[in-house]
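Q: My structure is below; once you've seen it, I'll send some questions.
In full-length UniProt numbering, the protein residues as written are 1 to 313.
Right under this line is the structure:
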């Protein structure tokens with residue numbers, strides 16, 4: 001016996017999607033599947049993703065891999081500035097601590113600062129870009145002139161100024177990076193917002209009574225999120241490099257082990273003049289590898305979301 005019309009989806013043996021919300025989630029799952037299928041074709045992006053997964057696992061498993069007391073100066077097991085050996089594969093620092101253990105612990109700090117600072121930067125840039133593209137008029141003029149001022153000012157100089165006048169902590173570093181690196185995101189998001197709001201369905205939404213919040217949250221934001229995602233991966237690499245620079249200049253929390261802090265300790269210990277390469281090379285290479293991995297992922301995401309960009313390359 002044939003079921004009545006409208007009940008076929010509910011009685012489907014495969015559990016077909018029910019209701020508007022289910023349709024939305026099904027559509028999102030298909031979009032994610034398509035994205036991953038296209039992303040896998042980019043070998044460089046896939047290599048960057050594998051590197052990031054490995055680095056993230058190392059950061060999460062740091063207490064298990066090297067022990068929670070490996071950062072302690074009083075509990076150091078080696079002598080000052082020992083050469084690499086079986087006991088200490090990367091040698092020791094001036095306090096006798098294993099540099100390999102410190103490098104693993106520094107992964108946590110560098111990744112955490114990079115992710116949180118990038119999130120803050122992209123959040124500010126997205127908010128400024130969407131509101132400037134939506135409201136326009138005097139508000140857009142004022143806010144974009146402020147954005148232009150931040151763009152022409154050297155980001156590192158602003159970050160150093162903020163880190164100098166504020167207390168030295170990891171949160172100060174995150175804040176200093178986040179509030180100085182958002183203008184590029186704001187410019188990109190504003191341009192995308194203007195393109196989205198010129199489409200006919202935005203006019204229909206306004207005609208049906210959609211307010212500013214509805215249009216920005218339900219129509220503009222979903223359309224700019226792919227751009228924001230790609231921009232985030234690129235900002236993370238910049239944030240990690242900036243954090244390392246601030247730590248190298250002695251403007252971060254000296255009690256926290258980070259890759260930039262290891263470079264600063266190596267400089268103070270005279271590793272450059274004494275030729276202790278094992279003190280300098282590993283933190284520098286780690287910073288370069290993580291920044292490169294995020295950049296590769298960001299470029300691959302850009303190519304997937306904008307096929308014309310990939311064709312030009």
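Note that CB positions come from ideal geometry on N, CA and C, so glycine has one too.
Can you tell me which of 172, 220, 180 and 165 puts its alpha carbon nearest to the alpha carbon of residue 191?
A: Here residue 191 corresponds to residue number 191 of the chain shown, with the count starting at 1. Answer by Cα proximity: 220.
Q: In the DSSP assignment, find the alpha helix (DSSP H) that holds residue 94 and state where it starts and stops.
A: Counting from one through the chain shown, the residue named residue 94 turns up at place 94. Taken as a continuous stretch (DSSP letters only), residue 94 belongs to no alpha helix (DSSP H), as it is neither H nor E.
Q: Which class does residue 256 belong to by DSSP, given the choice of helix, strand or coil?
A: Taking the chain shown and counting its residues from 1, the one referred to as residue 256 is at position 256. Here residue 256 sits in coil by DSSP.
Q: Looking only at C-alpha atoms, which of 105, 45 and 91 sits nearest to residue 72?
A: Locating residue 72 in the chain shown gives position 72, counting from the first residue. The shortest Cα separation from residue 72 among 105, 45 and 91 belongs to 105.
Q: Nearest to residue 114 by CA position, among 79, 170 and 236, is which residue?
A: If you number the chain shown from 1, residue 114 lands on position 114. The shortest Cα separation from residue 114 among 79, 170 and 236 belongs to 236.
Q: Would you mind listing the alpha helix (DSSP H) stretches within the segment 179-213 that are 4+ residues and don't spill past its ends, in chain order?
A: Note on the segment 179-213: whole alpha helix (DSSP H) runs with a minimum of 4 residues are 183-197 and 200-207, in chain order.
Q: For residue 148, does the three-state DSSP call read helix, strand or coil?
A: Walking along the chain shown from the start, residue 148 turns up at place 148. DSSP, read as helix, strand or coil, puts residue 148 in helix.
Q: In chain order, what residues of the same chain lie with their CB nearer than 6 Å to the CB of residue 186, ignoring the 5 residues before and after it?
A: The residue you call residue 186 lines up with position 186 of the chain shown. Correct list, in chain order: 125, 128, 129 and 147.
Q: Are three or more beta carbon pairs between the segment 252-261 and the segment 164-172 nearer than 8 Å?
A: yes
Q: Among 290, 164 and 154, which has the Cα closest to the Cα of residue 246?
A: Position 246 of the chain shown, counting from 1, holds the residue named residue 246. Checked all of 290, 164 and 154; the closest Cα to residue 246 is 164.
Q: Which whole-angstrom value describes the C-beta separation of residue 259 and residue 301, a residue pair presumed to lie in contact below a C-beta threshold of 8 Å?
A: Taking the first residue of the chain shown as position 1, residue 259 is located at position 259. Taking the first residue of the chain shown as position 1, residue 301 is located at position 301. Contact flag wrong, Cβ pair sits at about 25 Å.
Q: Would you report the Cα separation of residue 196 and residue 142, rounded to the nearest angstrom?
A: If you number the chain shown from 1, residue 196 lands on position 196. If you number the chain shown from 1, residue 142 lands on position 142. In this model, residue 196 and residue 142 are separated by some 22 Å (Cα to Cα).
Q: Under 8 Å: do the segment 274-281 and the segment 74-87 share three or more Cβ pairs, one atom per stretch?
A: yes
Q: Under 7 Å, do residue 158 and residue 180 count as touching if we go by C-beta distance?
A: As a working note, residue 158 is residue 158 in the chain shown. As a working note, residue 180 is residue 180 in the chain shown. Yes, the pair counts as a contact, with Cβ atoms nearer than the cut-off.
Q: Once the 5 residues before and after residue 296 are set aside, which same chain residues still bring their CB inside 6 Å of it?
A: Taking the chain shown and counting its residues from 1, the one referred to as residue 296 is at position 296. Once the five neighbours on either side are set aside, the close Cβ partners of residue 296 are 44, 45 and 48.
Q: Just the C-alpha distance for residue 199 and residue 193, rounded to the nearest angstrom, thanks.
A: On the chain shown, residue 199 is found 199 positions in, with the first residue counted as 1. On the chain shown, residue 193 is found 193 positions in, with the first residue counted as 1. Straight-line Cα distance between these residues: approximately 10 Å.
Q: Mind checking which residues open and close the alpha helix (DSSP H) that includes residue 232?
A: Against the chain shown, residue 232 aligns to sequence position 232. 221-248 is the span of the alpha helix (DSSP H), which, as asked, contains residue 232.
Q: Quick test of your reading: residue 100 and residue 90, contact by CB under 8 Å. State the CB separation rounded to the nearest angstrom.
A: Here residue 100 refers to the residue found at position 100 when the chain shown is read from its first residue. Here residue 90 refers to the residue found at position 90 when the chain shown is read from its first residue. At roughly 4 Å, the Cβ-Cβ gap stays under 8 Å, so residue 100 and residue 90 are in contact.
Q: Name the two residues that bound the continuous alpha helix (DSSP H) containing residue 302.
A: Stepping through the chain shown from its first residue, residue 302 is reached at position 302. First-last of the alpha helix (DSSP H) with residue 302: 277-305.
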